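Below: one structure, written as structure tokens.
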Amino acid sequence: MKTLAALPKQTSAPAKLISPSTAARTPTRIAPAVSTESQFVPLIHASKVVLHLRQIHAQILLQGFSWSSLLATQLVSASSLRNAIDYSISVFSQYHPKNVFLFNALIRGLVKNARFEVALSHFVLMLRSDARPDRMTYPFVLKSTAQLFLRRLAGELHCMIFKTGVELDSFVEVSLADMYVKIEELGYALKVFDESPHRLDSRSTLLWNVLINGCCKKGDIVKAMELFHTMPGMLEENVRPNDFTVVSALSACAKIGAVEAGLRIHKYIKDNRFRLNAAIGTALVDMYAKCGNIESASQVFSETKERDILTWSVMIWGWALHGRFQQAVQCSKQMLRSGIKPDEVVFLALLTACTHAGQVDLGLNIFDSMRLDYQIDPSMKHYSLIVDLLGRAGRLNEALKFIEEMPINPDLVIWGTLFCACRAHKNVEIAEFAVTKLLELEPKHPGSYVFLSNAYAAVGRWEDAERVRSSMQDKGVGKGPGWSHVEVDGQVHRFVAGDNAHHKDANEIHQKLEEIMSGARKQGYMPGTEWVLHNIEEEEKEDALGSHSEKLALAFALIQTSPKTAPIRIVKNLRICGDCHSLMKYASIMSQREIIVRDIKRFHHFKDGTCSCGDYW
DNA sequence: ACTAGCAAGT
1 MKTLAALPKQ TSAPAKLISP STAARTPTRI APAVSTESQF VPLIHASKVV LHLRQIHAQI
61 LLQGFSWSSL LATQLVSASS LRNAIDYSIS VFSQYHPKNV FLFNALIRGL VKNARFEVAL
121 SHFVLMLRSD ARPDRMTYPF VLKSTAQLFL RRLAGELHCM IFKTGVELDS FVEVSLADMY
181 VKIEELGYAL KVFDESPHRL DSRSTLLWNV LINGCCKKGD IVKAMELFHT MPGMLEENVR
241 PNDFTVVSAL SACAKIGAVE AGLRIHKYIK DNRFRLNAAI GTALVDMYAK CGNIESASQV
301 FSETKERDIL TWSVMIWGWA LHGRFQQAVQ CSKQMLRSGI KPDEVVFLAL LTACTHAGQV
361 DLGLNIFDSM RLDYQIDPSM KHYSLIVDLL GRAGRLNEAL KFIEEMPINP DLVIWGTLFC
421 ACRAHKNVEI AEFAVTKLLE LEPKHPGSYV FLSNAYAAVG RWEDAERVRS SMQDKGVGKG
481 PGWSHVEVDG QVHRFVAGDN AHHKDANEIH QKLEEIMSGA RKQGYMPGTE WVLHNIEEEE
541 KEDALGSHSE KLALAFALIQ TSPKTAPIRI VKNLRICGDC HSLMKYASIM SQREIIVRDI
601 KRFHHFKDGT CSCGDYW
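Heads up, the first sequence is in the UniProt record's numbering, so the first residue is 1 and it goes up one at a time.
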């Protein structure tokens with residue numbers, strides 16, 4: 001093999017295209033000389049580092065022939081994959097005329113390097129050039145559009161694709177559906193799906209997965225499960241759920257606490273001999289833990305041999321959720337021994353476990369260890385957990401001191417957490433201080449309304465409280481309405497606070513609820529009206545409490561199920577309020593039933609008038 | 001050459 005040095009001397013004409021320093025660095029041994037351009041291709045592929053690509057580039061120029069679009073494309077593509085996207089751009093701009101392959105290579109590279117704006121601007125350049133976008137161009141353009149949340153462009157691209165007739169391509173279709181999911185246009189995504197001629201192809205599982213996952217993310221769990229359950233029925237059409245599908249479906253079950261649906265999917269996984277890999281194991285552990293079945297979660301966890309940080313993380317969260325802080329801590333120690341370093345989320349889980357268990361000093365130690373032993377910078381969430389930890393334990397002065405010594409500016413959540421702790425421990429002085437801080441922060445934090453609204457209500461500024469609440473609804477950024485799910489005979493029923501009129505059993509539910517509440521009152525239940533933060537009269541307040549979604553779900557479950565059946569499981573998307581918590585205790589006595597409520601923070605097991613959280617939550 | 005999934009307070 002000849003070396004570069006042995007090549008005939010070139011005139012200065014091609015060499016001027018490269019800088020002298022590049023030429024000087026041109027090696028003698030890395031790239032063997034070649035005589036035809038196609039022989040450069042394998043060299044480009046074999047290059048491990050960008051330097052080699054630059055050398056090959058130089059050599060191509062030194063060969064003296066006008067280099068081809070093929071080589072330019074290969075160079076652009078190879079360098080973009082080696083984290084040298086700027087070099088890709090420079091090669092791209094040197095070559096003329098630019099054809100579709102060259103554009104595609106660059107746009108793909110830009111997307112791979114998360115340069116979405118630049119990718120789109122090159123797409124525009126492409127439209128202005130002679131090169132026409134093809135089925136290889138659109139997936140990346142659509143992805144960029146989704147990442148940048150450009151909803152208007154999304155529709156324009158869809159039209160463009162429709163007009164040029166590449167829509168029928170299954171890759172383009174998946175990208176289109178995925179884009180609509182990401183820009184929260186689930187309706188259009190479903191439309192793409194419904195109209196897809198590939199829907200029943202064996203390779204279309206991907207399209208189904210995109211849709212199912214989109215429904216989960218968007219919160220339309222019922223639709224997600226409906227789609228999932230349609231898949232196995234289509235075996236003759238070759239559409240079958242794969243790893244991705246079951247993981248998405250399990251996460252949907254976890255979200256709404258649909259344990260029976262989750263069990264069916266677990267059975268499906270076993271019957272169809274899916275390998276219990278880290279992702280499937282993680283999804284199963286999470287599903288069981290969030291559905292209240294921590295023992296099954298632990299069982300699946302021990303069966304899952306391939307574990308990544310997410311697997312450990314969901315197990316630790318699971319223990320935390322169930323108030324089992326010893327197991328959470330033990331699990332994290334096991335994780336360390338297995339050689340996995342905890343990340344910031346694992347610490348959130350551990351601190352949450354300590355908070356629920358009232359383990360103040362352990363929590364503070366863990367917080368210190370996170371910073372000192374693992375060099376993890378605490379986030380606002382970590383700080384607010386510590387405020388919560390101290391605040392719940394009634395150590396309000398320490399909490400305040402902690403906030404004042406924080407290295408970052410405390411946000412609304414921090415002051416709101418302190419405020420809640422003060423309310424629980426009836427410390428008016430610090431509560432007022434927290435409210436002052438909350439009000440000071442308002443203009444700067446349009447995103448977090450709940451605490452603020454509570455703070456206004458606490459000082460009797462009802463109009464301000466209402467204003468904040470309605471602006472929260474206008475912008476659609478609030479907690480949204482409170483909902484509860486309860487599963488009866490494998491069917492998930494959804495209840496929304498203050499809105500039981502649409503339910504077909506509305507009257508019966510209301511009657512049952514009335515019955516529970518009057519029975520509870522006789523046993524000493526006092527409606528805790530201080531939990532309702534609207535400016536309404538006492539009697540009306542009680543009515544508003546009466547329509548909290550978890551109460552509706554409870555009444556419904558008591559009507560629908562017989563006393564001998566399994567515990568009543570209710571899943572709520574917000575924190576259970578003190579009043580509902582108290583009523584659940586009485587209900588567990590009167591009905592002789594075990595009631596399990598999962599709120600956003602943790603599980604509450606009500607039995608014989610007590611709760612597993614020990615009223616500490 | 002391209003497309004999809006699992007952990008976290010609003």
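In this text, a Cβ means the ideal position worked out from N, Cα and C, and glycines have one as well.
In this text the structure is predicted, and so the values were computed from the model without any measurement.
Cutoff 7 Å; reference residue i; Cβ partners in own chain excluding five residues on either side
i           : result
residue 85  : 109, 110, 113, 115
residue 464 : 456
residue 74  : 41, 44
residue 359 : 325
residue 512 : 555, 558, 559
residue 24  : Reliability fails at residue 24, whose pLDDT of 42 lies under 50, so the model's placement of it is uncertain and the value that follows must be treated cautiously. Hits under 7 Å: none found.
residue 260 : 487, 490
Where residue i sits in the DSSP three-state scheme
i           : result
residue 607 : strand
residue 405 : helix
residue 259 : helix
residue 592 : coil
residue 49  : coil
residue 560 : helix
residue 494 : strand
residue 124 : helix
residue 597 : strand
residue 524 : coil
residue 291 : coil
residue 139 : helix
residue 86  : helix
residue 519 : helix
residue 343 : coil
residue 274 : coil
residue 188 : helix
residue 95  : coil
residue 581 : helix
residue 612 : coil
residue 281 : helix
Residue range of the alpha helix (DSSP H) that includes residue i
i           : result
residue 327 : 325-337
residue 487 : Run containing residue 487: none in the alpha helix (DSSP H); it sits in the beta strand (DSSP E), 483-488.
residue 568 : Per DSSP, residue 568 belongs to no alpha helix (DSSP H); it is in the beta strand (DSSP E), 568-572.
residue 74  : 69-81
residue 618 : Outside the shown range of the chain (1 to 617) lies residue 618, about which nothing can therefore be said.
residue 158 : 151-164
residue 178 : 170-182
residue 213 : 205-218
residue 240 : Taken as a continuous stretch (DSSP letters only), residue 240 belongs to no alpha helix (DSSP H), as it is neither H nor E.
residue 196 : Taken as a continuous stretch (DSSP letters only), residue 196 belongs to no alpha helix (DSSP H), as it is neither H nor E.
residue 112 : 100-112
residue 426 : That residue, residue 426, is in no alpha helix (DSSP H); it is neither H nor E in DSSP.
residue 228 : 221-230
residue 311 : 309-321
Expected contact under 8 Å - CB spacing of residue i and residue j to nearest Å
i           : j           : result
residue 340 : residue 354 : Going by Cβ atoms, the distance from residue 340 to residue 354 rounds to 21 Å, so no, they are not a contact pair.
residue 99  : residue 136 : That pair is no contact at about 12 Å.
residue 190 : residue 218 : Contact doesn't hold; Cβ gap of about 11 Å is too wide.
residue 162 : residue 139 : So it is not a contact: roughly 16 Å between Cβ atoms.
residue 568 : residue 486 : 7 Å
residue 144 : residue 119 : 5 Å
residue 588 : residue 606 : 4 Å
residue 210 : residue 181 : 6 Å
residue 225 : residue 245 : No, residue 225 and residue 245 are not in contact; Cβ-Cβ is about 12 Å, not under 8 Å.
residue 585 : residue 609 : 5 Å
Cut-off 6 Å between Cβ atoms - residues of its own chain near residue i, not counting five sequence neighbours on either side
i           : result
residue 384 : 413, 414, 417
residue 277 : 306
residue 534 : Only weak support exists for where residue 534 lies, its pLDDT of 49 falling under 50; the value from the coordinates is given anyway. So the list is empty, once near-sequence residues are dropped.
residue 254 : 286, 287, 290
residue 441 : 412
residue 322 : 294, 603
residue 630 : Here the chain comprises residues numbered 1 to 617, so residue 630 is not present and cannot be evaluated.
Cutoff 8 Å; reference residue i; Cβ partners in own chain excluding five residues on either side
i           : result
residue 31  : Any reading at residue 31 is ruled out, since the residue's pLDDT is 49, under 50, leaving its predicted position unreliable.
residue 619 : Coverage of the chain is limited to positions 1 through 617, which leaves residue 619 absent and any answer about it impossible.
residue 382 : 344, 347, 348, 351, 367, 370
residue 78  : 44, 45, 47, 53
Any non-hydrogen atom of the ligand PLP within 8 Å of residue i CB
i           : result
residue 610 : Within the structure as shown, the ligand PLP is missing, as the structure has no ligands at all.
Check: Can you give, in chain order, each stretch of the alpha helix (DSSP H) that sits fully within the stretch 345-415 and has at least 4 residues?
Finding: The stretch 345-415 is shown to contain whole alpha helix (DSSP H) runs of 4 or more residues at 360-372, 380-392, 396-405, in chain order.
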